[in-house]
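I have placed the structure first, in the form of structure tokens, so that the comments after it can refer back to it.
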Amino acid sequence: MSWAAAAIARRDQQTATTSHTNAAAAVTAAATGNPIAEFFRVFIGDGTPDNPNGGLIFGNGYSWTETTCAGTDPCTGGNGGLIGSGGNGYNGGAGGNAGWIGNGGNGGNGVPGGNGGTGGQGGLLLGNGGNGGAGGAATAVTSTGGNGGAGGNTGLFSMWGDGGNGGAGGNGAAGLPAISASATGASGGAGGAGGNAGEGSWVFGHGGNGGAGGSGGAGGSGANGSHGADATAPGSSGGDGRDGGNGGAGGTGGAGGQAGQGRLLFFLARPGANGDGGQGGAGGDAGLPGDGGNGAGGDATTPNGGNGGHGGDPGTPGTGGIGGSAGSGGSGGQPGASGAAGMSITGPAGNGGDGGNGWTALSPLTNGGNGGNGGNGGRLGNGGNGGLGGDGSTGAVGPSTYRILATISGFDVPFAVAASPDGSRAYVTNAGFNGSGTTVSVIDTTTNTITATISGLSNPYGIAVSPDGTRAYVTNGYYGSKNTIVSVIDTATNTVIDEIDGFFVPNLLAITPDGTKVYVTNSGPPANGTVSVIDTATGSITTTISGFVTPLDVAISPDGSRAYVTDLGWNGDGTTVPVIDTASNTVSYTITGLNAPYGVAVTPNGGRIYVTNTAPAQNGTVSVINPGSNTVSQTLTEFVTPVWIAASPAGDRVYVSDVGFNLSGRTIAVIDTTTNNVATTITLPHVPYNIAVKPDGTRLYVTNLIDDTVTVIDTAPSVLAAGNGGSGGAGGDAGTIGDGGNGGTGGNGGNGVGAGSGAAGNNGSDGSSGPDGIGGAGGSGGQGGAGTNGGNGGNGGTGGNGGTGNFADA
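Following this line, the structure appears as structure tokens:
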């Protein structure tokens with residue numbers, strides 16, 4: 095084949111690959127143009143957009159531009175004539191080939207993500223090959239960059255000319271950052287490969303340089319971990335923080351293009367340089383970890399605070415992409431550098447949540463709730479703080495335990511007992527066996543010992559102390575020689591200073607609140623008993639009231655207007671309580687419905703009257719009388735043989751001695767006057783008889799006929815302990831770096847109701863400091879509550895430990 099024929103064949107081959115748009119335009123021009131001009135144009139002239147190839151003899155191929163090659167379709171450069179260079183391609187279109195003499199056209203750069211066009215071949219006899227077009231950079235996330243186009247070779251018989259350089263590969267696209275919690279970022283796209291270089295001419299030409307590989311795309315960053323939710327339900331724990339997502343790996347760098355060779359390896363025909371490999375893409379940044387949620391505080395139902403949630407761990411940074419390999423076959427050319435790793439999280443991040451506070455007790459006698467523990471920090475997080483301990487509630491006054499304080503001996507058949515108005519003394523009549531007693535014993539209520547014995551009595555029976563405490567009036571009973579006399583004692587000297595005569599076997603007596611009158615029951619004459627009235631100013635009987643059978647006990651209303659008398663009847667068949675009008679000293683009313691009434695007591699507010707009934711046998715009762723209507727409103731059972739009765743100064747309790755069947759009883763019933771039920775029963779070692787209540791209500795003095803003793807009972811209410819303060823929650827531990835959380839402060843103990851105080855809580859110990867973090871401070875112990883049985887302070891929470899170090903190895 096001739097050289098001319100070879101050049102024409104090469105051009106025609108390229109023409110066959112030209113885009114259909116360009117070919118159609120050339121046909122149209124040939125059909126419609128000037129025939130003479132078109133004839134010459136076939137042989138001489140440069141290519142145009144409508145007819146890209148140059149003339150067959152002279153002319154360069156058409157080079158496409160942004161204006162003439164709109165859109166994204168590739169446009170191939172036109173071929174040159176026998177003497178003429180090829181045109182440049184566009185949008186990844188190939189460069190046009192030269193004829194005999196001329197340079198090949200350059201390949202067009204690729205559209206985004208597309209490959210570069212191949213360079214056109216140099217002239218058959220003389221000329222350089224065209225350069226390959228660069229690959230387009232990737233645009234879609236994680237996609238690969240376009241490959242560079244190959245450089246054009248020199249002509250088949252060319253003696254002078256260099257091969258075209260390969261086009262650079264396009265860069266890979268960055269990976270998409272993760273968006274869902276804790277997700278890993280997407281990897282970056284790989285860089286496109288560099289184009290291979292064209293071969294040089296036979297003698298003096300150099301091979302083209304290989305194209306550089308494209309850089310890999312950066313990896314997407316990891317998603318941040320979500321924070322743990324704060325707890326809302328009382329005492330519940332906070333949610334744990336989620337781990338941060340891992341960064342995506344960087345894309346691989348594109349391989350460098352292969353160097354072109356000289357056709358003969360003379361010293362003037364050297365190979366080209368190898369293309370450098372593309373740099374690997376940077377790794378994606380690590381995602382932040384989430385913090386733990388805070389625990390919820392306690393409440394009355396769930397007093398302890400909830401624990402804080404644990405912090406999450408950070409994500410792992412993405413690895414850098416591997417650099418592309420260098421091209422081969424020529425000199426030089428370096429592998430691409432690996433991409434840098436993504437950014438690590440430095441902290442503090444992923445902190446533990448704080449523990450919830452313990453409930454501060456509101457209900458009496460309740461301990462405060464413990465504070466919740468702080469959550470542990472993640473690998474880079476601080477520990478959460480422990481919750482505060484709740485305060486304990488205050489103490490309270492509870493029911494009395496009615497414990498026996500003392501049993502005093504040294505009496506002679508002790509019968510009646512009365513307390514002085516100031517409560518410092520109690521006076522006990524010693525009736526003696528078969529009426530042989532002659533004394534009254536004086537008890538010091540502070541030491542509960544007998545401090546004096548008053549003589550000059552005869553079978554002393556009942557006793558009452560004047561409201562001013564200066565006088566005590568004592569009846570002398572049936573068996574004595576003075577059974578018509580009431581003796582008057584001077585309490586300052588503890589001597590009998592007067593004897594009032596004119597009674598008939600006096601039994602019991604009561605003094606009006608103003609101290610001007612003493613009402614004394616007389617059991618005789620038989621079946622015709624009376625009540626005598628003493629004028630304390632004159633020390634004489636002013637009135638004797640009749641209308642009774644066997645009057646026994648008497649009680650005065652708080653306002654002094656009435657005296658209530660139990661009438662035991664003849665042989666215990668009485669059924670009434672006569673009411674004396676103290677102004678006229680006459681029986682103004684008779685209350686019926688009783689059954690062998692024995693003892694009587696009026697509450698301090700005068701609102702109720704309580705009467706013991708010794709019948710029926712072994713089933714005695716206590717009647718509750720309404721003084722407004724003078725009727726029995728309620729009858730209480732649960733007794734055997736109730737005899738004497740006394741009301742507390744506060745009026746909330748009535749005490750009833752029950753001697754039982756044949757003096758076998760050992761109990762005192764305590765009646766709650768609010769409900770009129772027996773609230774409790776005091777068990778004694780002896781048979782209880784007469785009762786006196788200390789004016790402050792804190793002591794009962796009970797005579798024991800058979801054992802010649804007096805029992806002292808503590809009626810004071812019990813002191814119930816105040817609530818303890820709750821412990822502070824422990825601080826959370828830090829991870830490999832970070833500070834430990836502080837321990838919570840212990841709650842304060844509740845205040846008691848008396849003197850003294852509860853113990854203070856212990857301080858919490860500090861957390862240990864690590865190589866990369868400070869230990870949390872221990873919480874302070876709570877204060878002890880003041881007062882008797884004050885609550886103990888809660889212990890402070892332990893501080894969390896500091897970071898342990900060695901994060902890189904964690």
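Add 94 to the 1-based position in the sequence shown for the working numbering, that's all there is to it.
Virtual Cβ for every residue (Gly too), placed ideally from N, Cα, C.
Identify, in the order they occur along the chain, each residue of the same chain with its Cβ nearer than 7 Å to the Cβ of residue i, setting aside the five sequence neighbours on each side.
i	result
Ser-274	Ala-317
Val-507	Asn-524, Ala-525, Gly-526, Phe-527, Gly-531, Leu-799, Asp-802
Ala-327	Ala-390
Ala-786	Val-511, Ala-512, Ala-513, Ala-520, Ala-740, Tyr-795
Ala-124	Here Ala-124 scores only 41 on pLDDT, less than 50, and its place in the model is too uncertain to base an answer on.
Looking only at C-alpha atoms, which of the options sits nearest to residue i?
i	options	result
Gly-239	Gly-249, Lys-576, Phe-251, Asn-203	Asn-203
Ala-604	Arg-656, Asn-461, Thr-396, Glu-293	Arg-656
Trp-296	Gly-338, Gly-310, Leu-218, Gly-332	Leu-218
Gly-223	Phe-133, Thr-236, Ala-192	Ala-192
Gly-189	Val-205, Gly-207, Gly-213	Gly-213
Lys-576	Asn-553, Asp-584, Gln-215	Asn-553
Ser-518	Val-536, Gly-890, Ile-502, Phe-509	Val-536
Asp-808	Gly-350, Gly-817, Val-648, Arg-793	Arg-793
Gly-245	Ala-234, Gly-230, Ala-231, Asn-225	Asn-225
Thr-731	Ser-723, Gln-712, Thr-725, Pro-743	Gln-712
Gly-415	Gly-347, Thr-775, Ser-422	Gly-347
Have a look at residue i and residue j and give me their C-alpha separation to the nearest angstrom.
i	j	result
Gly-266	Phe-152	42 Å
Gly-405	Gly-452	22 Å
Ala-287	Gly-243	9 Å
Ile-868	Gly-835	9 Å
Thr-624	Asn-616	5 Å
Ile-177	Gly-171	16 Å
Gly-403	Gly-345	37 Å
Thr-769	Val-599	38 Å
Pro-811	Gly-492	6 Å
Gly-481	Gly-754	60 Å
Gly-436	Thr-236	16 Å
Gly-165	Gly-207	14 Å
Gly-335	Asn-467	16 Å
Arg-135	Gly-149	6 Å
Thr-839	Ala-343	47 Å
Asn-479	Gly-333	15 Å
Asp-584	Arg-565	5 Å
Ser-281	Ser-320	22 Å
Asp-752	Ala-500	20 Å
Phe-361	Gly-299	Confidence at Phe-361 is low in this model, with a pLDDT of 48, below 50, so its placement is unreliable and the value that follows should be read with caution. Cα to Cα, Phe-361 sits roughly 10 Å from Gly-299.
Gly-175	Thr-413	53 Å
Using a 10 Å radius around the Cβ and a threshold of 16 neighbouring Cβ atoms, would you call residue i buried or exposed?
i	result
Gln-352	buried
Ala-394	exposed
Ser-640	exposed
Gln-355	buried
Asn-886	buried
Asn-771	exposed
Asn-756	exposed
Phe-505	buried
Leu-456	exposed
Trp-254	buried
Trp-664	exposed
Thr-278	buried
Gly-701	exposed
Phe-133	exposed
Gln-728	exposed
Asp-667	exposed
Arg-747	buried
Gly-817	buried
For my contact list, residue i and residue j are in at a C-beta cut-off of 8 Å; report their separation, rounded to the angstrom.
i	j	result
Gly-301	Gly-257	5 Å
Asp-592	Gly-633	5 Å
Thr-488	Asn-845	5 Å
Under 6 Å Cβ to Cβ from residue i, same chain only, skipping five residues before and after it: list those, please.
i	result
Ala-228	Asn-203, Gly-210, Gly-242, Gly-261, Ala-262
Glu-160	none
Asn-476	Pro-442, Asn-445, Ala-828, Gly-832, Asp-833
Thr-578	Asp-595, Phe-597
What residues in its chain sit with their C-beta under 8 Å from that of residue i, if we drop five residues either side in the sequence?
i	result
Pro-710	Asn-689
Pro-619	Phe-598
Thr-589	Ile-548, Gly-550, Ile-583
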